[in-house]
Amino acid sequence: MVEAIGPNTPVAPGVEAGRRVTAFPQPGCVVQWIVAAAEVVVAVPDELSDAVTAQMPARRSADW
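Using this note's numbering, the letters of the sequence shown correspond one by one to residues 455 to 518.
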């Protein structure tokens, strides 16, 4: 969930304070809280469950 966005920060469509997001930082980075660069953050569609969303960064790492 986005807590705050810095002023004049370019973000992906749908990324705004209060929205669920996932981030794709460096492989091996698994944490509950993260300060992430805007270019690695994407909005999560409301129809995706938390369980599916939690797998998104891991799946990317596995493919890489």
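Glycine included, each C-beta is placed from N, C-alpha and C at the ideal position.
Inset, instruction - Output yes or no for whether 8 Å exceeds the beta carbon distance between A497 and A466. - result: yes
Legend entry - Assigned exposure category for V495 - 16 Cβ within 10 Å defines buried: buried
Inset, instruction - Taking S503 as the reference, give the member of V456, T476, A491, E457 with the closest Cα. - result: T476
Legend entry - For V456 and V469, the rounded distance between their alpha carbons: 8 Å
Inset, instruction - Pull up the distance between the alpha-carbon of P499 and that of A471, whole angstroms please. - result: 15 Å
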